[in-house]
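Q: Residue 236 is where the sequence shown starts when you use the numbering used here, and the numbers rise one by one after that.
Quick reminder that beta carbons are idealized off the backbone N, C-alpha and C, glycines included.
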Amino acid sequence: VQLQASGGGLVQSGGSLRLSCVVTGSIHSTWTVGWHRQAPGKQRQWVAHITSFGSTAYAGSVRGRFTISKDNAGFTVYLQMNSLQPEDTAVYYCGYGRIGAGPGNWGQGTLVTVSS
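1) Determine the burial state of Ala-325: buried for a count of at least 16 other Cβ atoms within 10 Å of its Cβ, exposed for fewer.
2) How should Phe-310 be labelled, buried or exposed, when 16 other C-beta atoms within 10 angstroms of its C-beta is the threshold for buried?
3) Roughly how many whole angstroms lie between the Cα atoms of Thr-267 and Ser-351?
4) Going along the chain, which residues of its own chain have a beta-carbon closer than 7 Å to the beta-carbon of Trp-281, five neighbours each way excluded?
5) For Val-349 and Gln-273, I'd like the C-alpha separation in whole angstroms.
6) Might you give, ordered along the chain, the residues of its own chain that have their beta carbon closer than 6 Å to the beta carbon of Ser-287, omitting 5 neighbours on each side?
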């Protein structure tokens, strides 16, 4: 399974970005794709995930501001990020895994920079 993340960039505080993660390869029938982020000098942290069934979950720091969704026409997972704050600055990674197994495959990451 391969993942390609895109959509990062530089945005002012309060702005919005939409990240995309295209997943290709031998995809299991039941899966989870999650977004994680890693700020400079910090550990990677989970942001949100969506399952093949459409269920979603969010970290408390982004709930109400970020929305994860998937494109049923293909295999793309989106992360709509609104009301961005400087503390959201990080490299964002998407990860794929079978439900209950955690991410086993990662994309290359896309940098999000929020200026104050």
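A: Taking the geometry as given:
1) Here the question's residue 325 lines up with position 90 in the sequence shown. In summary, Ala-325 is buried, with 16 or more beta-carbon neighbours lying within 10 Å of its beta-carbon over all protein chains present.
2) For the purposes of this step, residue 310 is taken as the residue at position 75 of the sequence shown. Looking at its Cβ environment, which holds 16 or more other Cβ atoms inside 10 Å, Phe-310 is buried.
3) Taking the sequence shown and counting its residues from 1, the one referred to as residue 267 is at position 32. Taking the sequence shown and counting its residues from 1, the one referred to as residue 351 is at position 116. Each residue's CA atom was taken as its position, placing Thr-267 and Ser-351 some 33 Å apart.
4) Numbered from 1 along the sequence shown, position 46 holds the residue referred to as residue 281. If we look at Trp-281 and ignore the five residues flanking it on each side, its Cβ neighbours are Gly-269, His-271, Ala-294.
5) On the sequence shown, residue 349 is found 114 positions in, with the first residue counted as 1. On the sequence shown, residue 273 is found 38 positions in, with the first residue counted as 1. Straight-line Cα distance between these residues: approximately 14 Å.
6) As a first step, residue 287 must be located in the sequence shown, where it is residue number 52. If we look at Ser-287 and ignore the five residues flanking it on each side, its Cβ neighbours are Thr-265, Trp-266.
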